[in-house]
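Per my numbering: the sequence shown = residues 1150 to 1910. Positions of the beta carbon are idealized from the N, C-alpha and C atoms, including for glycine.
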Amino acid sequence: MHRRHSIRGDAAARGGPRPARGGLRLLRAVARWRPWHSARLTLAACVLGTVAMGLFGTGGLDRLSITGAVPSGAPATRDSTTLAKRYGSSTPDLVLLLRAASDVRTPEVTAAGRTVESDIRRAPGVGTVASYWSTSDAALLSRDTRAALVTAELTGDEAFRAKTAQRLVTALGAHRGPVTITPTGGAWTRAEFLDDNRADLLRAELISAPACALILLFVFRSLVAALLPVVSALVSTAGTLAFLRLLSSLTEVSVYASNIATALGLGLAVDYGILMVARFREESMAGAPLQEAIARSVRTAGRAVVVSASIVLVSLSALLLFPFVFLRSAAWAAIAVVVFSAAASVIVIPALLTLLGHHIDRLDLFARLRSSGVSGPEGSPGVRRATLAVTRRPAVAALIATCVLAVMSLPAWHVALGPSAVDDLPQHSKTRTAGVAIRQDFASAPERGLIVGLPKGTPREDVDGYARTVSALPQTAAVRTFTGQYRGGAKTGAPGPSDAHEDSPGGPLLTVTSRFRAGTAESAALVKQLRTLPAHGRVLVAGEAAEAVDAQSAIRRALPWCFGLIAAATFVLMALFTRSLLVPFKAVVVAAASLAATLGCLVYVFQDGHLRGVLGDFHAPGYLIDTSTVFLLATAYALSVDYEVFIVARIKEEYLASGDNTSAVVAGMRRTGRLVTAASLVFATAMAGPATSQVTPLKLTGVGLALAVLVDAVVVRGALVPGLMTLAGRANWWLPGVRDMREVRGTRCTADERAEACGDG
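Below is the structure:
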């Protein structure tokens, strides 16, 4: 105790940094409370709380929203609502493909089609309904006359429309007399995505859970030790689901947030658990008594967990800046996951360690390897040899790693974002089959339609001129309104029976069919021109293409603020943690480089359509799914900084003990490199299920996150970080106004003394 106070006094006398008083009060409170001294009481409360939270959370999954890919308050959403109220017409949310063995104009098929239309019209939540049989509109009749469409415009917000579509499709069934019914359309497609995601994620859990357990068993070489991080993950997941149910009573929460809770809960909680258990075993193998080993683990590894959790929390909470229910729900889920994972690591795991003690190594399946010194308190000899090779030629190692990341990031220069579509569903999906059939067999696919409302009182001749101008645009296939039908800038026919009338109470209404699907640059250009062409007031534009334009605009506005906040928060928190300026700057730059490499690979695969033979068949629309990509990048950045904190924390600790930067890099990497690799393998394995999904957005997320953590663990943490920290030397630990950040130079002090000296306690 005397030596500890003398260290702090010497530090103050030299003008060195004083112990931090702000960011780690929670950890200090836990350390003073020492819940592991009441281990049985702590664990009993944990078990009861986890069971209660799990039951409460899973019981509220049906209250979560199905959708969330359209930005809140988007112009297209407002215009669609206005069009529905003013004109009684908008873009169809549900499209039913009715196919018969014979001509659909026969009396028997006509009767069946009219019955389907009548059933939909009477259902609650349905606005305007149209079909070929009630309108005689040729656009709703296939070219071979053996199929026809029934379209329905649904009321309410995005989530309500999706639930209405689910209810209608279930009630109608797959057959009605001589016709088969196949649903498609935006509202039903979103609901179909949810069902496929649930099936894929269930398969993912069945695949990834045993694989993760095997990895942990290999890392700890003990079944008992391997189960401790899994317990932490269970606590984290149960707590997050309970939080989401409470949140759903206050605001709209996307159902995909529960999927995020499962994936991140497994990844982060296991990461933190690995660090805590490994540090305890290290202290125990070095001869520390049980209670002292636990206390040291909380003060050292626990501090790294709290700092990492703080950075991850800020990084993912920045998603709240995006006006999407999906991304905001992901942010809230991530916040809960981080809090529960960190709490489980510094409270539950120490309590378990108290009860287990040195029995943690029981059921050791690799006892012979352990007795031979393969894995001891000195860390991994293989990582040590690799790090020594890097530190001997740090410039070469850093240059090679930088070149690898630069080459991987090259495709990112032509990245494009767009919405998910029916083509992103599995090939065996009937919904996708119906969408493709409508696109090929019908003259005008509803998914490419745009409804345009001109101001009330627009003269007939101006409507005619506007329609001619729009039909002449290269992106336009056809235009229909009460003045006639138009193609290529000329009037080609009389108005159809379903076209709006001249005396419509809301004003002139046009149906514009695009040549291109929503999300492409051409369809975006068409929407922008429709909104800006001269008219007698504001033009209302609704449709999937308009929603895609608004989504991309919202992402472009929020993206700089989001990643600016993340970078600033990372720098500040890392600076407070390391008492350095260069280390946090390097952390931000390296994480950005890792992110660029990941993005480049995603563009190469999912935007450009390469490697389908390796990853399985998937739809490459020519862009990346917008909201999935934003979430993926934010999560990948958070995980990258998460690993950075683990490594830098140990390197700093070793530097305080030895005073030699190069040896500190080698020792820090030796003790943490194997753990970071294991953590990345666990997370990548957890993503194996989504990566094998046939749903493109889910496959994108799974492959992207797995690739991000593996590239970061191998290229960035294995070569770039140790190379840069070796090159920087003592400049790593420079801080203005501080002569020497090391409080004890040239001596081997205990972990407790080093923690007190630099404010780690």
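Which residues does DSSP list as the beta-bridge partners of residue i?
i, result
"K1640", "Y1635"
"V1299", "L1245, S1280"
"T1625", "S1663"
"A1691", "I1600"
"V1275", "L1303"
"H1324", "T1329"
"T1630", "G1633"
"S1494", "Note: S1494 sits in no beta bridge, so no partner."
"L1773", "L1566"
"L1658", "G1602"
Short check: CB of residue i to CB of residue j, under 9 Å?
i, j, result
"S1743", "V1864", "yes"
"E1341", "L1197", "no"
"S1729", "L1847", "no"
"F1712", "Y1786", "yes"
"V1814", "T1727", "no"
"T1630", "L1675", "no"
"R1428", "A1570", "no"
"L1417", "G1206", "no"
"L1405", "S1494", "For the sequence presented, residue 1405 should be read as Tyr rather than Leu. Their beta carbons are not under 9 Å apart, which means Y1405 does not touch S1494 by this criterion."
"V1698", "S1672", "yes"
"V1402", "S1478", "yes"
"A1311", "A1336", "yes"
"T1625", "V1661", "yes"
"L1190", "A1547", "no"
"L1245", "V1265", "yes"
"G1305", "W1282", "no"
"R1823", "E1431", "no"
"F1755", "V1419", "no"
For the candidate residues the options, whose alpha-carbon lies nearest to that of residue i?
i, options, result
"F1780", "F1734, Q1843, L1849, L1824", "L1849"
"V1532", "V1486, R1799, M1818", "M1818"
"T1255", "T1230, R1295, K1234, S1267", "R1295"
"V1752", "L1559, A1547, A1621, Q1634", "L1559"
"A1358", "L1876, N1881, A1837, A1880", "A1837"
"S1812", "V1754, T1826, M1874", "M1874"
"A1412", "K1579, V1461, A1835", "A1835"
"G1616", "L1682, V1860, A1233, R1799", "Note on residue identity: the sequence assigns Ala, not Gly, to residue 1616. Nearest option by C-alpha distance: L1682."
"L1554", "D1861, A1225, R1706", "D1861"
"L1303", "L1470, T1240, T1259, S1593", "T1240"
"V1619", "K1677, V1585, K1605, G1668", "K1677"
"T1551", "R1879, G1222, P1871, L1192", "P1871"
"L1782", "A1492, G1853, I1496", "G1853"
"G1614", "A1806, S1593, V1737, K1640", "K1640"
"I1498", "L1396, S1187, V1739", "S1187"
"I1330", "T1300, S1433, P1472", "T1300"
"I1443", "G1208, S1398, I1496, T1821", "I1496"
"G1656", "A1643, R1680, V1612", "V1612"
Residue i lies in the beta strand (DSSP E); which residues open and close that run?
i, result
"T1329", "1328-1333"
"G1808", "Premise fails: G1808 is in no beta strand (DSSP E) and is neither H nor E."
"I1600", "1598-1602"
At what residues does the alpha helix (DSSP H) containing residue i begin and finish?
i, result
"R1271", "1256-1271"
"T1240", "T1240 -> no alpha helix (DSSP H), and no H or E assigned at all."
"R1511", "Run containing R1511: none; DSSP gives neither H nor E here."
"N1911", "No information on residue 1911 is available, as it lies outside the stretch 1150 to 1910 that the chain covers here."
"L1537", "1530-1541"
"L1439", "1439-1466"
"T1386", "1372-1397"
"S1569", "Run containing S1569: none; DSSP gives neither H nor E here."
"S1251", "That residue, S1251, is in no alpha helix (DSSP H); it is neither H nor E in DSSP."
"L1574", "Element bounds for L1574: n/a, residue is neither H nor E."
"L1760", "Premise fails: L1760 is in no alpha helix (DSSP H) and is neither H nor E."
"G1416", "1405-1434"
"G1853", "1845-1860"
"K1677", "1670-1681"
"R1588", "1579-1590"
"A1746", "1731-1751"
"M1202", "1188-1207"
Flag this pair as touching only if the region 1263-1275 and the region 1284-1293 have three or more C-beta atom pairs under 8 Å; answer yes or no. no
Touching by the beta-carbon criterion (3+ pairs, under 8 Å), the region 1679-1692 and the region 1577-1591: no
Evaluate contact between the region 1498-1507 and the region 1479-1486, counting only Cβ atoms and requiring at least three cross-stretch pairs below 8 Å. no
Touching or not, the region 1821-1833 and the region 1365-1379, by the rule of three or more beta carbon pairs under 8 Å? yes
For the 8 Å Cβ check, are there 3 or more pairs between the region 1763-1770 and the region 1462-1472? no
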